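Working notes for the structure below.
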Amino acid sequence: MRLWKRASGVLKDQNSIWQAQLSRRTSLRHPDIQKAVIRATAHYYLSFDRRNIDRVCEWIRISPCNLRPVLWSLSNRMHKTRNWVVALKGLYLMHNITNSRLHCVRHIGRLPFDLSGFNDGQGRQAKMWPFNAFIRAYYAFLDQKSAVICQHAEEKSVDGEGFSIRHELMHLLRLQSLIDLLMQIRPQATAAFMPLVLDVMDGLIIEIYDLYSKICRGIAIVLLNIYSGGKAEASMALTVVQKAIQHGDDLSYYFEFCQKIGVVYASQFPVIDRIPEEGINELKEIIKSFAEGSNLEESRADEGRKGSVDQADEKKNHAISEEEKYNFYGDDEFRTIITDKWESFDDDSCTRIPLEALF
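Residue 546 in our numbering sits at position 240 of the sequence shown; the count goes up by one each step and never skips.
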């Protein structure tokens, strides 16, 4: 039965290669790239074809324009397959592409295929569930990682060479979410003894150490610039540090699990460094100082508003007293009356007084 499945997989791969050779080249379809992707994701279940994996990555290094044919060929193969070996090799190839650190790879965003509900169609569900669960968890991590890389690249293009403590803290929180997804990738039952799965786990151990070292460096940079932010940034930094301490404990148990199932790199890497408690206490003091400073500013603002109101009342009272000081004639004297009731006089009826009579 196993020999028949292996022969069937070889025939399927060879048939796909023949179809790629006969296909017409377009902006998305590149026969040579398509053949390299098929060979890198072959049905052989004992090992990865690292030669063709490197060849696919080399196509992207030669020209960023080759990224679209690579993604098209890979997503087309992932949409068609119901074999856990092909799906796992496709995810492993995508993992190598995202780790190539090429500029064009940073803008992929979410993966162009969906394996969140993958089910192997070659065997019984009761037998294949460990492989299905492993592929779903691996896909969830890679999909989120590609989105985080794209979002961080967009933030860098907006900020330029400047440093934004808020963006740095948000990026650290996203990196910590990736570690949470990584620790959910736990091969179980028969999947824990497959060579392909153990090779993937070796790569994930390297990924964990890389992410955790980035988080520690980011925390150090944030703490050096924490006073340039405010209370909100200090609270976010405290959340990041507390999460990093929790990850230190969780990763120890995760590495013990990996050592038990035979993951080689789980025992070769050094022990995870823990963040000292003094760092948390210092952040709490900084948040407290920010809170006290804001309360002091509010009290000063209230005193300033109260002083301005008192000064305005004093000026008003002074103006009223000045008016009363100069109004010594009283209210009834020297008063001007304005009216619209006019009276007319006849010049003849008026008695004229000679001018001499006035003197």
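Think of the CB as a built atom: it goes at the ideal place given N, C-alpha and C, for glycine as much as any other residue. Keep in mind it's a predicted model, so treat the numbers as computed, not measured.
query                                                                                                                           : result
DSSP-derived helix/strand/coil call for residue 450                                                                             : helix
Continuous alpha helix (DSSP H) assignments of at least 4 residues falling wholly in the region 330 to 385                      : 337 to 346 and 356 to 368
Alpha-carbon spacing of residue 356 relative to residue 377, whole angstroms                                                    : 18 angstroms
Reference residue 418, options 375, 491 and 487, closest by Cα                                                                  : 375
Collapsed DSSP secondary structure at residue 421 in the structure displayed                                                    : coil
Sub-8 angstroms separation of residue 408 and residue 366 beta-carbons                                                          : yes
Rounded C-alpha distance that separates residue 459 from residue 414                                                            : 11 angstroms
8 angstroms Cβ cutoff met for residue 514 and residue 544                                                                       : no
Residue interval of the alpha helix (DSSP H) (run including residue 410)                                                        : Here residue 410 belongs to no alpha helix (DSSP H), and DSSP marks it neither H nor E.
Assumed close pair residue 383, residue 343 - CB separation to whole angstroms, cut-off 8 angstroms                             : 6 angstroms
Inside the region 476 to 550 only - alpha helix (DSSP H) runs reaching at least 4 residues                                      : 501 to 530
Contact the region 485 to 494 vs the region 430 to 441: 3+ CB pairs below 8 angstroms                                           : yes
Distance between residue 349 and residue 318 (C-alpha atoms, nearest Å)                                                         : 8 angstroms
CA nearest to the CA of residue 396, picked from 347, 510 and 455                                                               : 347
Run of the alpha helix (DSSP H) containing residue 573, from where it starts to where it stops                                  : 571 to 574
Rounded separation between residue 331 and residue 337 - CA only                                                                : 7 angstroms
Straight-line gap, residue 559 to residue 580 (C-alpha atoms, nearest Å)                                                        : 14 angstroms
Outcome for residue 398 when other beta-carbon atoms lying within 10 angstroms are tallied against a minimum of 16              : buried
Span separating the alpha-carbon of residue 570 from that of residue 400                                                        : 22 angstroms
Rounded distance between the beta-carbons of residue 452 and residue 404, thought under 8 angstroms                             : 6 angstroms
Contact between the region 588 to 597 and the region 532 to 551 (3+ Cβ pairs under 8 angstroms)                                 : yes
Supposed contact pair residue 502 and residue 394 - C-beta distance, whole angstroms, cut 8 angstroms                           : 6 angstroms
C-alpha distance - residue 474 paired with residue 435, whole-angstrom precision                                                : 39 angstroms
Per-residue burial, residue 324 [other beta carbons within 10 Å of its own, 16 or more giving buried]                           : exposed
8 angstroms Cβ cutoff met for residue 478 and residue 392                                                                       : no
Residue from 497, 574, 589 and 530 with nearest C-alpha to residue 567                                                          : 497
C-beta atoms of residue 454 and residue 480 nearer than 8 angstroms                                                             : yes
Nearest neighbour of residue 369, chosen from 476, 488 and 410 [CA to CA]                                                       : 410
Cβ shell of residue 351 (< 7 angstroms), same chain only, five flanking positions each side left out                            : 391 and 502
Close-in-space but distant-in-sequence residues of the same chain around residue 448 (CB under 8 angstroms, 5 per side omitted) : 397, 400, 401, 404 and 417
Among 315, 528, 505 and 489, the one whose alpha carbon lies nearest that of residue 556                                        : 489
Proximity below 8 angstroms, CB of residue 381 to CB of residue 340                                                             : no
Beta-carbon separation (whole angstroms), residue 427 vs residue 388, contact threshold 8 angstroms                             : 3 angstroms
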